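Participant: Can you keep this structure in mind? I'll have questions shortly.
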Amino acid sequence: MKLDIKKDGKDHLICNGKKVVVRIVGIENGKDTIHFANGIVKIERNMQSPVNHMEIKMITYYQSSHTQIFPLSYDGNRWGTDHEYKGFTQNGVPYTFAYHRTAVPGGSSSVGFFSETNESVSTAVYGEEKPSASLYLENGAAVHRLIWPETEEPCVLMADGWGEAYYGKMYPADLFIGYLFIGDEKEEAWKQMLSYVFKKNDHILKMQFKAAKIWKMQCSYAKELYTEEDDGFCGFSIGFTRQKDRWEKRMEQKYEMGWCGQNISLAVSLLYDYQMNGDVRSKEIALKVLDSWSDMAKSDYGYPLTRYDDEEQKIDACNLGTGGMQFFEAYEMTKKLGFEKKVYLETALFICDFIIKRQRLDGGVGTIWDKEGMPLVIDGTAGDFLILPLIKAYAITKEDKYSIAAARAYSFYFREFDNNGYGVAGALDTCCIDKESIIPLLKGGIMMYEEMGFDKYLDMAEEAAWYLSGWQWHHTVPYDESSILHTLDYDTFGGTAVSTSHLHIDAFALCYVDDLLKLSKYKNNKEWERRALAIWCNGIQGISDGTLTVMGSEPRPVGSSDEGYLHTRWGSLSNHKDGWARPFGVSQWLVAWPGAFRLEVLRACENWNFLDGYLQ
Numbered sequence: 033m034k035l036d037i038k039k040d041g042k043d044h045l046i047c048n049g050k051k052v053v054v055r056i057v058g059i060e061n062g063k064d065t066i067h068f069a070n071g072i073v074k075i076e077r078n079m080q081s082p083v084n085h086m087e088i089k090m091i092t093y094y095q096s097s098h099t100q101i102f103p104l105s106y107d108g109n110r111w112g113t114d115h116e117y118k119g120f121t122q123n124g125v126p127y128t129f130a131y132h133r134t135a136v137p138g139g140s141s142s143v144g145f146f147s148e149t150n151e152s153v154s155t156a157v158y159g160e161e162k163p164s165a166s167l168y169l170e171n172g173a174a175v176h177r178l179i180w181p182e183t184e185e186p187c188v189l190m191a192d193g194w195g196e197a198y199y200g201k202m203y204p205a206d207l208f209i210g211y212l213f214i215g216d217e218k219e220e221a222w223k224q225m226l227s228y229v230f231k232k233n234d235h236i237l238k239m240q241f242k243a244a245k246i247w248k249m250q251c252s253y254a255k256e257l258y259t260e261e262d263d264g265f266c267g268f269s270i271g272f273t274r275q276k277d278r279w280e281k282r283m284e285q286k287y288e289m290g291w292c293g294q295n296i297s298l299a300v301s302l303l304y305d306y307q308m309n310g311d312v313r314s315k316e317i318a319l320k321v322l323d324s325w326s327d328m329a330k331s332d333y334g335y336p337l338t339r340y341d342d343e344e345q346k347i348d349a350c351n352l353g354t355g356g357m358q359f360f361e362a363y364e365m366t367k368k369l370g371f372e373k374k375v376y377l378e379t380a381l382f383i384c385d386f387i388i389k390r391q392r393l394d395g396g397v398g399t400i401w402d403k404e405g406m407p408l409v410i411d412g413t414a415g416d417f418l419i420l421p422l423i424k425a426y427a428i429t430k431e432d433k434y435s436i437a438a439a440r441a442y443s444f445y446f447r448e449f450d451n452n453g454y455g456v457a458g459a460l461d462t463c464c465i466d467k468e469s470i471i472p473l474l475k476g477g478i479m480m481y482e483e484m485g486f487d488k489y490l491d492m493a494e495e496a497a498w499y500l501s502g503w504q505w506h507h508t509v510p511y512d513e514s515s516i517l518h519t520l521d522y523d524t525f526g527g528t529a530v531s532t533s534h535l536h537i538d539a540f541a542l543c544y545v546d547d548l549l550k551l552s553k554y555k556n557n558k559e560w561e562r563r564a565l566a567i568w569c570n571g572i573q574g575i576s577d578g579t580l581t582v583m584g585s586e587p588r589p590v591g592s593s594d595e596g597y598l599h600t601r602w603g604s605l606s607n608h609k610d611g612w613a614r615p616f617g618v619s620q621w622l623v624a625w626p627g628a629f630r631l632e633v634l635r636a637c638e639n640w641n642f643l644d645g646y647l648q
């Protein structure tokens with residue numbers, strides 16, 4: 033897109049030919065200098081004298097059809113029922129978000145079209161020196177704002193309510209810098225912006241432990257989580273919780289096939305450990321857990337249970353899809369190790385047949401079923417987790433029924449994603465827009481490409497990767513010395529947020545590190561490799577070596593780590609002593625899945641030197 037600039041009093045008009053795309057609103061006692069470079073509009077605002085507050089406002093001249101404030105608001109979060117920011121304003125006051133609450137400082141985007149020509153156009157903005165972000169609609173046009181100093185108004189979203197507005201202070205300054213990206217249907221502005229900021233801030237985080245050490249620690253934690261029940265069931269506890277000053281295994285909903293519990297994945301990793309290190313104990317635990325899930329984790333109606341000790345005995349797509357995939361790998365590992373366990377293959381195929389029997393004519397499958405296999409929830413994008421075992425079943429059996437079902441499901445869920453611009457209800461404890469629900473479209477697209485050879489699947493996988501990138505932190509947030517995150521020397525760069533209602537960073541993106549590495553290779557784009565490494569570096573922070581203490585608790589078990597890092601003002605409004613209650617703190621929930629995903633990355637990566645940062 034060829035851009036021109038026109039003056040209109042103190043304002044500047046960014047034009048494409050005769051069409052105005054964006055108006056940059058000027059200010060008294062200040063001068064805006066506009067620079068064009070490589071398709072990027074740089075705004076330098078110089079004030080006649082230093083000021084302690086500034087707003088750079090940019091108004092689009094097209095009808096906005098899709099807006100994003102990464103990763104807080106997607107079209108005003110119209111979908112879902114969770115406690116979150118709804119709409120663009122509250123009581124007429126536009127929402128404004130602090131730089132640490134957004135994945136890019138001041139980052140927002142709008143996509144739309146010129147009403148007279150129906151041409152597609154998009155805009156994205158961000159700023160330097162930690163601006164806050166604001167975006168709202170005015171007569172169909174998007175109003176983007178960069179605001180200094182740090183501001184959160186008219187209220188602050190907390191886990192259990194709304195906090196008061198926050199107005200920070202700044203040293204008076206006379207120079208403020210914002211960036212404006214403008215794109216069309218072929219080159220979307222928000223992708224340009226994310227790519228530019230990531231490359232500008234890309235760096236290797238401090239690595240406390242190398243890959244080999246992490247493998248040992250995570251296998252150790254898996255064994256610490258291992259539990260044998262009186263009824264003979266063997267599984268990995270879902271995690272340790274803090275009880276006063278002690279760490280104890282959680283006593284309710286202890287065992288989960290995938291998602292937070294990752295029982296099947298951890299068992300497969302211990303089989304790998306037996307292969308690499310000859311640890312017989314690893315083999316014994318792995319087989320006991322896998323046998324328990326394949327033999328005992330069934331409802332009275334013979335359907336696979338995704339949570340063993342859940343009284344409601346619901347079956348969900350997230351657990352079923354990831355569990356099915358891991359059972360396939362478990363079978364392949366036992367075959368490789370010389371003690372083939374066909375029951376694992378049969379279990380995985382049983383899951384796939386369960387999926388096929390419940391697939392609708394439109395290709396969708398559903399999200400949650402009861403113990404009788406009857407649908408309870410059909411909405412949401414999370415049904416796409418079921419695509420993965422279907423593709424794997426086809427790769428192993430070459431039976432067309434699996435490839436046909438996978439292709440139909442992938443088309444349905446990608447269409448839902450493409451039409452909306454976001455994924456929903458992937459995280460089982462949310463009913464809102466999230467990151468997790470689109471992960472299978474990245475993983476599944478690559479798997480479909482590898483098995484069927486159609487480039488379209490690779491293109492769709494890359495679209496999913498771009499969406500996921502909007503949930504990834506593109507900057508390092510400095511924390512006050514009094515904060516827990518400062519004490520832990522936590523770096524936000526590379527981490528990903530959970531959902532529009534759960535405003536903390538977690539390491540869940542570790543599960544698609546290998547997929548980004550494959551995408552980088554297939555698309556010949558190093559950015560995906562760099563993003564994968566950033567995820568890994570972020571996701572290995574905070575692992576205990578057995579001596580780590582936080583907030584005076586007893587040392588954490590070897591290999592354990594927090595589920596979440598409260599990178600922004602989010603937590604409980606109540607004055608609790610628990611770390612999760614404090615903004616800029618930690619979850620104090622040592623759940624199983626981060627360790628499981630770290631082991632998965634290490635299982636898939638052929639060269640651990642890359643993960644250790646040696647091949648840069």
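In the numbering used here, the protein residues as written are 33 to 648.
From the three backbone atoms N, C-alpha and C, an ideal C-beta is built for every residue, glycine too.
These numbers come from a predicted model, not from an experiment.
Quick one: complete alpha helix (DSSP H) runs, 4+ long, within the segment 495-533?
Facilitator: You should have 516-519.
Participant: Excluding the 5 residues flanking Asp341 on each side, which residues of the same chain have their C-beta closer than 7 angstroms to its C-beta?
Facilitator: Locating residue 341 in the sequence shown gives position 309, counting from the first residue. Cβ neighbours of Asp341 beyond the five flanking positions: Gln285, Lys286, Tyr287.
Participant: Buried or exposed: Arg313, going by 16 or more other Cβ atoms within 10 Å of its Cβ?
Facilitator: On the sequence shown, residue 313 is found 281 positions in, with the first residue counted as 1. The residue in question, Arg313, is exposed, as its Cβ has fewer than 16 Cβ neighbours within 10 Å.
Participant: Please tell me whether Ile470 and Ala496 are closer than 8 angstroms, where the distance is taken between their beta carbons.
Facilitator: Here residue 470 is taken as the residue at index 438 of the sequence shown, counted from 1. Here residue 496 is taken as the residue at index 464 of the sequence shown, counted from 1. Contact: yes.
Participant: Tell me the residue span of the beta strand (DSSP E) that contains Ser142.
Facilitator: Along the sequence shown, one-based indexing puts residue 142 at 110. Its beta strand (DSSP E) spans residues 140-145.
Participant: Just reading off the beta strand (DSSP E) that Thr65 is part of, what are its end residues?
Facilitator: For this step, residue 65 is matched to residue 33 along the sequence shown. Thr65 -> beta strand (DSSP E) spans 62-69.
Participant: Going by DSSP, what residue range makes up the beta strand (DSSP E) through Gln80?
Facilitator: Counting from 1 along the sequence shown, the entry for residue 80 is found at position 48. Its beta strand (DSSP E) spans residues 72-83.
Participant: What residue range does the alpha helix (DSSP H) around Asp216 cover?
Facilitator: As a working mapping, residue 216 is identified with position 184 in the sequence shown. Note, Asp216: premise wrong, no alpha helix (DSSP H); not H, not E.
Participant: For Ser140 and Arg177, what's the separation of their Cα atoms in angstroms?
Facilitator: Here residue 140 refers to the residue found at position 108 of the sequence shown. Here residue 177 refers to the residue found at position 145 of the sequence shown. Those two C-alpha atoms are separated by around 9 angstroms.
Participant: Along the chain, which unbroken stretches of the beta strand (DSSP E) at least 3 residues long are found entirely within the segment 187-213?
Facilitator: Listed in chain order, the complete beta strand (DSSP E) runs (minimum 3 residues) inside the segment 187-213 are 193-199.
Participant: May I have the straight-line CA-CA distance separating Ile537 from Ala165, to the nearest angstrom?
Facilitator: The residue given as residue 537 occupies position 505 in the sequence shown. The residue given as residue 165 occupies position 133 in the sequence shown. Between Ile537 and Ala165, the C-alpha separation is close to 19 angstroms.
Participant: For a test of the three-state rule: what should DSSP assign to Asn557, helix, strand or coil?
Facilitator: Your numbering for residue 557 matches position 525 in the sequence shown. It is coil, neither helix nor strand.
Participant: Taking the Cβ atom as the reference point for each residue, do Ile387 and Lys433 lie within a distance shorter than 8 angstroms?
Facilitator: Here residue 387 corresponds to residue number 355 of the sequence shown, with the count starting at 1. Here residue 433 corresponds to residue number 401 of the sequence shown, with the count starting at 1. Taking 8 angstroms as the Cβ cut-off, Ile387 and Lys433 do not qualify as a contacting pair.
Participant: Report yes if the C-beta distance between Ser96 and Gly210 is below 8 angstroms; otherwise report no.
Facilitator: Working through the sequence shown from its first residue, we reach residue 96 at position 64. Working through the sequence shown from its first residue, we reach residue 210 at position 178. No, they are not a contact pair.
Participant: Can you confirm whether the segment 485-493 touches the segment 64-83 when touching is taken to mean that 3 or more C-beta pairs between the two stretches lie within less than 8 angstroms?
Facilitator: Judged by Cβ distances under 8 angstroms, the segment 64-83 makes no contact with the segment 485-493, as fewer than three pairs qualify.
Participant: Which residues mark the beginning and the end of the beta strand (DSSP E) in which Pro407 is found?
Facilitator: On the sequence shown, residue 407 is found 375 positions in, with the first residue counted as 1. Counting along the chain, the beta strand (DSSP E) containing Pro407 begins and ends at 407-409.
Participant: Comparing C-alpha positions only, which one of Gly603, Val52, Ser606, Asp594 sits nearest to Gly627?
Facilitator: Locating residue 627 in the sequence shown gives position 595, where the first residue counts as 1. Ranking Gly603, Val52, Ser606, Asp594 by Cα distance to Gly627 puts Asp594 first.
Participant: With distance defined between alpha-carbon atoms, name the residue in Asp450, Arg562, Glu559, Leu535 nearest to His599.
Facilitator: Along the sequence shown, read from residue 1 onward, the residue named residue 599 stands at position 567. Nearest C-alpha to His599: Leu535.
Participant: May I ask you to list the residues that DSSP assigns as paired with Asp538?
Facilitator: Position 506 of the sequence shown, counted from the first residue, corresponds to residue 538. BP columns for Asp538 point to Thr528, Gly596.
Participant: Report yes or no: do three or more beta-carbon pairs, one from the segment 355-369 and one from the segment 400-407, lie closer than 8 angstroms?
Facilitator: Contact between the segment 355-369 and the segment 400-407 is absent, because fewer than three Cβ pairs lie under 8 angstroms.
Participant: Answer with buried or exposed for Glu448, where buried requires no fewer than 16 other C-beta atoms within 10 angstroms of its C-beta.
Facilitator: Within the sequence shown, residue 448 is the residue found at index 416, counting from 1. Glu448 is buried by the Cβ-count criterion.
Participant: Taking the alpha carbon of Asn570 as the point to measure from, which residue in Leu520, Ala613, Lys558, Leu226 has its own alpha carbon closest?
Facilitator: Numbered from 1 along the sequence shown, position 538 holds the residue referred to as residue 570. Comparing Cα-Cα distances from Asn570 to each of Leu520, Ala613, Lys558, Leu226, the minimum goes to Leu520.
Participant: Can you look up Gln358 in the DSSP assignment and give me helix, strand or coil?
Facilitator: In the sequence shown, residue 358 corresponds to position 326, counting from 1. Gln358 falls in the helix class under three-state DSSP.
Participant: With 16 other CB atoms within 10 Å as the buried threshold, where does Gly485 fall?
Facilitator: Translated into positions along the sequence shown, residue 485 becomes position 453. Exposed.
Participant: Are there 16 or more other CB atoms within 10 angstroms of the CB of Thr379, so buried, or fewer, so exposed?
Facilitator: For the purposes of this step, residue 379 is taken as residue 347 along the sequence shown, with counting starting at 1. Counting Cβ neighbours within 10 Å, Thr379 comes out buried, since at least 16 surround it.
Participant: What are the boundary residues of the alpha helix (DSSP H) that Glu483 is part of?
Facilitator: In the sequence shown, residue 483 corresponds to position 451, counting from 1. Per DSSP, Glu483 belongs to the alpha helix (DSSP H) from 471-484.
Participant: Taking the alpha-carbon positions, what's the Ala564 to Glu60 distance?
Facilitator: Here the question's residue 564 lines up with position 532 in the sequence shown. Here the question's residue 60 lines up with position 28 in the sequence shown. C-alpha separation (whole angstroms): 45 angstroms.
Participant: So the candidates are Trp111, Ile572, Leu393, Tyr304; which of them puts its Cα closest to the Cα of Gln365?
Facilitator: One-based indexing of the sequence shown puts residue 365 at position 333. Checking the displayed sequence, the identity of residue 365 turns out to be Met instead of Gln. Ranking the options by Cα distance to Met365, first place goes to Tyr304.
Participant: Let's see if you can read the secondary structure: which residues bound the beta strand (DSSP E) around Trp180?
Facilitator: Taking the sequence shown and counting its residues from 1, one reaches residue 180 at position 148. First-last of the beta strand (DSSP E) with Trp180: 173-180.
Participant: Which of helix, strand or coil does DSSP assign to Pro589?
Facilitator: Within the sequence shown, the letter at position 557 stands for residue 589. DSSP places Pro589 in coil when its eight states are reduced to three.
Participant: Where does the unbroken alpha helix (DSSP H) through Thr273 begin, and where does it stop?
Facilitator: In the sequence shown, counting from the first residue as 1, residue 273 sits at position 241. Element bounds for Thr273: not the alpha helix (DSSP H) but the beta strand (DSSP E), 271-275.
Participant: Around the Cβ of Tyr489, are there at least 16 other Cβ atoms within 10 angstroms (buried) or fewer (exposed)?
Facilitator: Mapped onto the sequence shown, residue 489 falls at position 457. By the neighbour-count rule (16 or more Cβ atoms within 10 Å), Tyr489 is buried.
Participant: Measuring CA to CA, which of Ala624, Met583, Thr65 is closest to His12?
Facilitator: Since the first and last residues shown for the chain are 33 and 648, residue 12 lies out of range.
Participant: What's the gap between the Cα of Asp512 and the Cα of Ala205?
Facilitator: Residue mapping note: residue 512 aligns to position 480 of the sequence shown, counting from 1. Residue mapping note: residue 205 aligns to position 173 of the sequence shown, counting from 1. Their backbone Cα atoms lie some 22 angstroms apart in a straight line.
Participant: Check each candidate in Thr183, Tyr203, Gln122, Ile214 and name the one with the smallest Cα separation from Ser142.
Facilitator: Counting from one through the sequence shown, the residue named residue 142 turns up at place 110. Nearest option by C-alpha distance: Ile214.
Participant: Check whether the segment 422-431 touches the segment 473-485, counting contact only when three or more Cβ pairs, one atom from each stretch, lie closer than 8 angstroms.
Facilitator: Short answer: they touch.
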